[in-house]
Every structure is written in structure tokens, then in C-alpha cells.
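Right, one structure below, let's go through it.
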Amino acid sequence: MSTSVTVLGRGAMGSALAARLPDPVQWNRNRGVTLTAALSRATGPIVVCLFDHHSVHDVLDPVAADLAGRPVINLTTTTPAESRELAGWAAGHGIPFLDGAILAVPEMIGGPGSSIFYSGEQSVFDSQRDLLDRWGESVFLGASAGRAALFDMAMLTGMYTMFGGFLHGAAMLAAEGVPVTEFARRQVPFLAAMTGGLTDYATTVDNRDYAGAGQQSLRFTGTALAALLRATTEQGVPPGLLQPVHDLVARQIEAGHGDLGTARIFEELRSAR
């Protein structure tokens, strides 16, 4: 990198990003240095890693004129619509814009397993590749500025649901005095094995072949979930985490799809747009 990079945000993630750069100018609104002064110290790209979408506008709006022509790489967690709005705002001010979604915790930045998805202006992605690759595997997902955020939100949905399910199961066992660490030793390899089935689910959904051989039926899944709800209640654990999944499967059965594969719940979940 021939020019220094300005990193806006000194939280855990912003600091981790800056730590992988040779000569960053890192700025925080609480340190008494104006952003205009910080921007004047570096001529390279602007990396934004702030609290949320609103904070990005709070920080960038007053200096929009100073950013014209300088690449802005937004790594703040935003929704797809918010990312698209930022891209439109940037275009209106002549600011080359790239949106990113970090699939790593701060400690992983620059190390094995760190990955960042990007979308928006490919010219920014290509010209700043040396910078981006310092943080992890750089993956460009296309010109639609909200695509990286969409992938991020979709992947986090699976992660948080998994964490919630693990803690739900731990709570059930806690009623019998089982340490959570013991449960984790058994649950981790089981979940790892189960994720291998996601590829089959994906093929089933893409082909809309819910009657294919070897699929677990909605009727079987509904019976299993009903038993899980009963066991949950018996152990004194609130059923709120499992109930929506049970109800989703029950609606599919009531609609006459009980003999089809469980993957058919996708048809009810997918956007109607």
C-alpha cells in the first residue's frame, strides 16, 4: 500500500483491522481530534467500522465533500437495505463505495479462518485488494451493494439459532445437574456431523424435489418436535425457542404436505417477492 489508510472506529473490531496495517490513521469521535483533521493526514481509502448504520451517517455526512473521489469501505454491520442506502448516498457525493461483512471475531482478523464478504463497486475491490487481503480471505459477491450484508445476516441466522438451541439443550440437562461442559463435549461432534446434511437440503430446495427418496418427512419431524416440546416442559424449560419451529412444521402438515420432506418448510419461509 503506497498511501496510508484512515480507519474510523476504535472499537474491538476497528482496532483489530487497524492493527494489520503498516501506518493507519485511526480516528474516534471521543478523542478530541476532528475527522477533517484525521482525513488530511492520509490520502488513501477510508475504512469505516462503527456501531451501526446511523453512526455511519452521523460521522460521514458532515465530511461528505472531503470524501469525494476517495474509496470508502464500510465494514459496519448493516442490513442489506441500509447498505444499499449507503451506496446510493456515496454515489450522490462522488464517493467510490464498497460494503463489507466480516465473518470473524476481532481475534481472528488476519489469521486462519478470517473471511470478509464484499459487494458494491468492483473497481474499489480490485484496486484495494492488497489492503483487503490483510484482514482475511476477500470474497466479492457482486455489484449489488446489499449482497454482502444479506449473506452476513443469513449466515448469522444459522449461527444464533444454533447457539440458542445449544443453550436450550443445556438448560434441559441442567435440571438433572449435568454440567454444560459435559453436554458440549457430546453436542459439538453431533452438530458437526449434522451440518453435513445441509448440502443435501440445499440440492432438495433448489430442485424443489421434496418427494425425493431418503428425506425425513414433515410428519416424522412434527412428531419429533412435539416430543421435544413435552420434554422441554417436563424439565421446566420455557418452550419459546422450539415452539415456532414446531408450529411451522405443523402448518405444513395441516396443509397436506406431511409426507413430503422437511425441507419443504423453505416454501413457507421464503420471500414472496
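Reading the sequence shown from the start, the letters are residues 170 to 442 in the working numbering. The beta carbon of each residue, even a glycine, is placed where N, CA and C say it ideally should be. Every value quoted in this text rests on a predicted model; they were computed, and no experiment measured them.
Residues bridged to residue i (per DSSP)
{"i": "L294", "result": "Note that residue 294 corresponds to Phe in the displayed sequence, not to Leu. Answer is none; F294 lacks a bridge partner."}
{"i": "E306", "result": "S284"}
{"i": "I271", "result": "I285"}
{"i": "F435", "result": "Beta-bridge pairing links F435 to no other residue."}
{"i": "G430", "result": "S386"}
DSSP-derived helix/strand/coil call for residue i
{"i": "E276", "result": "helix"}
{"i": "L319", "result": "helix"}
{"i": "L394", "result": "helix"}
{"i": "V194", "result": "strand"}
{"i": "G425", "result": "helix"}
{"i": "L177", "result": "strand"}
Residue i, buried or exposed, once every other Cβ within 10 Å from all chains shown has been counted against 16
{"i": "Y329", "result": "exposed"}
{"i": "H426", "result": "buried"}
{"i": "G238", "result": "exposed"}
{"i": "V176", "result": "buried"}
{"i": "I324", "result": "This sequence places Met at residue 324; Ile is not what is there. The residue is exposed, with fewer than 16 neighbouring Cβ atoms inside 10 Å."}
{"i": "M182", "result": "buried"}
{"i": "V357", "result": "exposed"}
{"i": "Q195", "result": "buried"}
{"i": "V406", "result": "buried"}
{"i": "T245", "result": "buried"}
{"i": "A259", "result": "buried"}
{"i": "F286", "result": "buried"}
{"i": "V202", "result": "exposed"}
{"i": "G178", "result": "buried"}
{"i": "G384", "result": "Just to set this straight, residue 384 is Gln in the shown sequence, not Gly. When all chains shown are included, Q384 counts as buried."}
{"i": "D227", "result": "exposed"}
{"i": "P193", "result": "buried"}
{"i": "A185", "result": "buried"}
{"i": "P348", "result": "exposed"}
{"i": "A256", "result": "buried"}
Own chain, CB closer than 6 Å to residue i, minus 5 neighbours either side, in chain order
{"i": "Q412", "result": "none"}
{"i": "D268", "result": "N243, S252, S288, G289, A314 and A317"}
{"i": "G213", "result": "T172, S173 and V174"}
{"i": "V374", "result": "A432 and F435"}
{"i": "F294", "result": "L267, Y287 and F309"}
{"i": "S284", "result": "L272, G305 and E306"}
{"i": "A270", "result": "F286, A317, A318 and D321"}
Residues near residue i in its chain [Cβ-Cβ closer than 7 Å; skip 5 each side]
{"i": "R189", "result": "I278, G279, R303 and W304"}
{"i": "L342", "result": "F352"}
{"i": "G311", "result": "S288"}
{"i": "H262", "result": "A233, L236 and A237"}
{"i": "I422", "result": "L387, R388 and G391"}
{"i": "A395", "result": "H415"}
8 Å CB neighbourhood of residue i in its chain, flanking five on each side removed
{"i": "E319", "result": "Checking the sequence, you will find Leu at residue 319 rather than Glu. P249."}
{"i": "R420", "result": "E437"}
{"i": "G381", "result": "T373 and G430"}
{"i": "T205", "result": "V232 and D235"}
{"i": "L398", "result": "P408, L411, Q412 and H415"}
Residue i: CB within 8 Å of a non-hydrogen atom of the ligand FAD
{"i": "G366", "result": "Here there are no bound small molecules, and the ligand FAD is not part of this structure."}
Contained beta strand (DSSP E) runs [length at least 3] in the stretch 197 to 251, N- to C-terminal order
215 to 217 and 241 to 243
Which ranges would you report for the alpha helix (DSSP H) in the stretch 320 to 388 if only whole runs of at least 4 residues count?
349 to 364 and 367 to 376
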